[in-house]
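A.B. asks: Here the protein sequences come in this chain order: A and B. Numbered per this note's numbering, the first sequence spans residues 1 to 198. Numbered per this note's numbering, the second sequence spans residues 199 to 396. Just so you know, even glycine gets a beta-carbon here, dropped at the ideal spot from N, CA and C.
2 protein chains.
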Amino acid sequence: MISSSESLQNLIRELSGLPGIGNKSAARLAYYLADAPKEKVKLLVDSINKVSKNIKRCKVCFTFSDDDVCGICSDDRRDKTKIMVVENERDMLAYENIGEYKGVYHVLGGALSPLLGIGPNELKIKELMARLSDNIDEVIIATNSSIEGETTATYIAKLIKPLNIKVTRIASGVPVGGDIENVDDVTLMRAYNGRQMI
Amino acid sequence: MISSSESLQNLIRELSGLPGIGNKSAARLAYYLADAPKEKVKLLVDSINKVSKNIKRCKVCFTFSDDDVCGICSDDRRDKTKIMVVENERDMLAYENIGEYKGVYHVLGGALSPLLGIGPNELKIKELMARLSDNIDEVIIATNSSIEGETTATYIAKLIKPLNIKVTRIASGVPVGGDIENVDDVTLMRAYNGRQMI
C-alpha cells in the first residue's frame, strides 16, 4: 500500500491485520478515521483501551467479563439449573441475541482437535465438571456442528451421563459444517427449541 | 447486542458505527481485541491516535499528509507536469496501487452534485486552477464515472481548455456507475492507458 502519509500507511497496515479486514476495507477505515471528529475517534480508542486493559475471564463460565463474575452469571434472573456449553464467546453472544435462553453458559475456549493438538486439558472441561452439582437440571451442548464440535459434544456427554444429569444437544437447525455465529436468528431458535437427548 | 461485559458491549457499539462494519463484524473484532496481546492493541491504538491528532491536508494537492506538503507532492521523482484530478484520497490510493502513474494529484473533496448542494465552491476547483501554470503539460480527470463524476469532469475541462493545457479523461475501463476504489488493478490500468482528449 502506497500512501501520501506515513502515519496513514501505518494505520492501514495495522487495520488490515484485524480479522475480516482486507486491504481496501483497511484503507476505507483509515481514511474515515483521519476525517472523523476527534471526539468520535477518542470514544473508539477509549473503548478499545478499556477492553484491552481491564477485560478478564468470568471465574464461573470463562466468558469475557469486566468483573470476577460476568453480568450473566451474577444475574439473579438467570436460571442457574441450566448450563449451555459453547465453544467461544461469539457463539454465546449469538444465543443471547435470540433472547430465548434464560440459563447460564460455559465457554470451553474451543473444541477438541487432535490435528491442532487441542485435547480435553486445553479446554475448560474440568471446570465444567466442577460446576455440575445436584442443582443442575440440564446441560445443553451447543458446540458447532463441525467434526470437532461433534466430537467435543460426544466426549462431554459421556463424562456427564454417569452423573444422572440431563444432557441435550442443539437440534439439526444449525447447518452441518457451519459456524454458529453466522447462523440467522430463526434457525438458531429452531436449533435451540428442537434440542434432543444424547 | 447483549454481552456479559459492559465494556465489550460499548466497544461493539463503537465499532459497528464504522463504515462497512456490521453488528457481527463488530462483535468479532471486539472479541479479537479483547483476546489480542496488549502490545498489539497498543500499536493499533497508537496508529489511530497519531492519524487522528496529527493528520492534515497537503497544501498543494489536498490529500491527507503528515506534513504541510504530502509525500507525493514533495517527491522529486514525481512528474510535476501532470496532475491527476480525483474525487477523494481513496481513489488516489487506488491509482497509486497500480504503480503506473508517476505524476501528481489534486483531490477535489467530492464531485459536483446540485441535489446534495455541492457546487464548485465546495470543491477544491479554484485551488486546482491556481496550480495550472506554463509548466503543466496535462490534466487527467479521474473522477468517478457516475453522473456527478462526469458532470465534474465536463465542468473542469471547460474551465481548463482556454488555458491551452491538454485535458484528458480516464478511459471506459471503469464500469459506468461504479466507484474507482472498488475497481480491480487491471481495469484501472487500462482506464489510465486508454485516456482520451476531452
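Going by Cα to Cα distance, which pick from Lys124(A), Gly103(A), Ile55(A) is closest to Arg77(A)?
C.D. replies: Position 77 of the first sequence, counted from the first residue, corresponds to residue 77(A). Answer by Cα proximity: Gly103(A).
A.B. asks: Rounded to the nearest angstrom, how far is the Cβ of Arg169(A) from that of Ile125(A), given a contact under 8 Å?
C.D. replies: Counting from 1 along the first sequence, the entry for residue 169(A) is found at position 169. Counting from 1 along the first sequence, the entry for residue 125(A) is found at position 125. That pair is no contact at about 16 Å.
A.B. asks: At 8 Å on the CB atoms, spell out the chain B contacts of Ala191(A), in chain order.
C.D. replies: Within the first sequence, numbered from 1, the residue matching residue 191(A) stands at position 191. Under the 8 Å cutoff, chain B gives no residues; its nearest Cβ is about 17 Å from Ala191(A).
A.B. asks: Measure from the C-beta of Asn144(A) to each C-beta in chain B and report whether the shortest distance is under 8 Å.
C.D. replies: By 1-based counting over the first sequence, the position of residue 144(A) is 144. No, Asn144(A) does not count as interfacial toward chain B.
A.B. asks: If we count the other Cβ atoms within 10 Å of its Cβ and call it buried at 16 or more, is Met327(B) buried or exposed?
C.D. replies: Here residue 327(B) corresponds to residue number 129 of the second sequence, with the count starting at 1. Met327(B) should be labelled exposed.
A.B. asks: By how many angstroms is the C-alpha of Val372(B) removed from the C-alpha of His304(B)?
C.D. replies: Residue numbering aside, residue 304(B) sits at position 106 when the second sequence is read from its first letter. Residue numbering aside, residue 372(B) sits at position 174 when the second sequence is read from its first letter. The alpha-carbon atoms of His304(B) and Val372(B) are separated by roughly 19 Å.
A.B. asks: Express the C-alpha separation of Thr341(B) and Thr154(A) in angstroms, rounding to a whole number.
C.D. replies: Position 154 of the first sequence holds residue 154(A). Position 143 of the second sequence holds residue 341(B). Thr154(A) and Thr341(B): Cα-Cα distance of roughly 59 Å.
A.B. asks: Go ahead and pull the three-state DSSP assignment for Gly171(B).
C.D. replies: The first residue shown for chain B is 199 and the last is 396, placing residue 171(B) beyond what the model contains.
A.B. asks: Identify whether Gly301(B) lies in helix, strand or coil by the three-state DSSP scheme.
C.D. replies: Residue 301(B) sits at position 103 when you count from the first residue of the second sequence. Note: Gly301(B) maps to strand in three-state DSSP.
A.B. asks: Which residues, taken in chain order from the stretch 218-232 of chain B, show a beta carbon closer than 9 Å to some beta carbon of chain A?
C.D. replies: So the list reads Gly218, Ile219, Asn221, Lys222, Ser223, Ala225, Arg226, Leu227, Ala228, Tyr229, Tyr230, Leu231, Ala232, given in the order they occur along the chain.
A.B. asks: If you follow the alpha helix (DSSP H) that Thr154(A) is in, where does it begin and where does it stop?
C.D. replies: Indexing the first sequence from 1 puts residue 154(A) at position 154. Looking at the DSSP string, the run of the alpha helix (DSSP H) that includes Thr154(A) is 147-160.
A.B. asks: What is the DSSP secondary structure of Glu138(A), reduced to helix, strand or coil?
C.D. replies: Walking along the first sequence from the start, residue 138(A) turns up at place 138. It is a strand residue.
A.B. asks: Determine, for Ser16(A), whether the minimum Cβ-Cβ distance to residues of chain B falls below 8 Å.
C.D. replies: Against the first sequence, residue 16(A) aligns to sequence position 16. Chain B contact via Cβ: absent.
A.B. asks: Count the other CB atoms, across all protein chains shown, that sit within 10 Å of the CB of Asp335(B); report buried if there are 16 or more and exposed otherwise.
C.D. replies: Counting from one through the second sequence, the residue named residue 335(B) turns up at place 137. Exposed, because fewer than 16 other Cβ atoms sit within 10 Å of the Cβ of Asp335(B).
A.B. asks: Bridge partners for Asp79(A) per DSSP, in chain order?
C.D. replies: For this step, residue 79(A) is matched to residue 79 along the first sequence. Gly103(A), per the DSSP bridge assignment.
A.B. asks: When the Cα atoms are used, what is the spatial distance from Asn135(A) to Asp184(A)?
C.D. replies: Here residue 135(A) corresponds to residue number 135 of the first sequence, with the count starting at 1. Here residue 184(A) corresponds to residue number 184 of the first sequence, with the count starting at 1. Cα-Cα distance, rounded: 32 Å.
A.B. asks: If you follow the beta strand (DSSP E) that Lys257(B) is in, where does it begin and where does it stop?
C.D. replies: Locating residue 257(B) in the second sequence gives position 59, counting from the first residue. Neither: Lys257(B) is in no beta strand (DSSP E) and is coded neither H nor E.
A.B. asks: Run down chain A in chain order and give the residues with a C-beta less than 7 Å from the C-beta of Gly307(B).
C.D. replies: Position 109 of the second sequence, counting from 1, holds the residue named residue 307(B). Going along chain A, no residue has its Cβ under 7 Å from Gly307(B), so there is no contact; the nearest lies around 10 Å.
A.B. asks: Specify the secondary structure class of Thr366(B) as computed by DSSP and reduced to three states.
C.D. replies: Looking up residue 366(B) in the second sequence gives position 168. Strand.
A.B. asks: Pop quiz: Ser5(A) and Phe260(B) are said to be a contact at Cβ under 8 Å. What is the actual Cβ separation, rounded to whole angstroms?
C.D. replies: Counting from one through the first sequence, the residue named residue 5(A) turns up at place 5. Counting from one through the second sequence, the residue named residue 260(B) turns up at place 62. 13 Å between Cβ atoms; not a contact.
A.B. asks: Between Leu163(A) and the rest of its own chain, which residues show a CB-CB distance below 7 Å, the 5 nearest in sequence each way excluded?
C.D. replies: If you number the first sequence from 1, residue 163(A) lands on position 163. The residues are Leu132.
A.B. asks: Take Gln394(B) and list the residues in its own chain whose beta-carbon comes closer than 7 Å to its own, dropping the five residues that flank it on each side.
C.D. replies: The residue labelled residue 394(B) in the question sits at position 196 within the second sequence. Cβ neighbours of Gln394(B) beyond the five flanking positions: Thr366, Arg367, Ala369.
A.B. asks: Helix, strand or coil for Val85(A), going by three-state DSSP, please let me know.
C.D. replies: Position 85 of the first sequence, counting from 1, holds the residue named residue 85(A). In the structure shown, Val85(A) sits in a strand (DSSP, three-state: E or B).
A.B. asks: Check each residue of the stretch 301-328 of chain B: if its Cβ is closer than 7 Å to any Cβ of chain A, include it; give the result in chain order.
C.D. replies: Hits within the stretch: zero.
A.B. asks: In this structure, does DSSP put Ile118(A) in helix, strand or coil?
C.D. replies: By 1-based counting over the first sequence, the position of residue 118(A) is 118. Ile118(A) falls in the strand class under three-state DSSP.
A.B. asks: On the DSSP bridge list, what partners appear for Met197(A)?
C.D. replies: Working through the first sequence from its first residue, we reach residue 197(A) at position 197. In DSSP, Met197(A) forms a bridge with Thr168(A).
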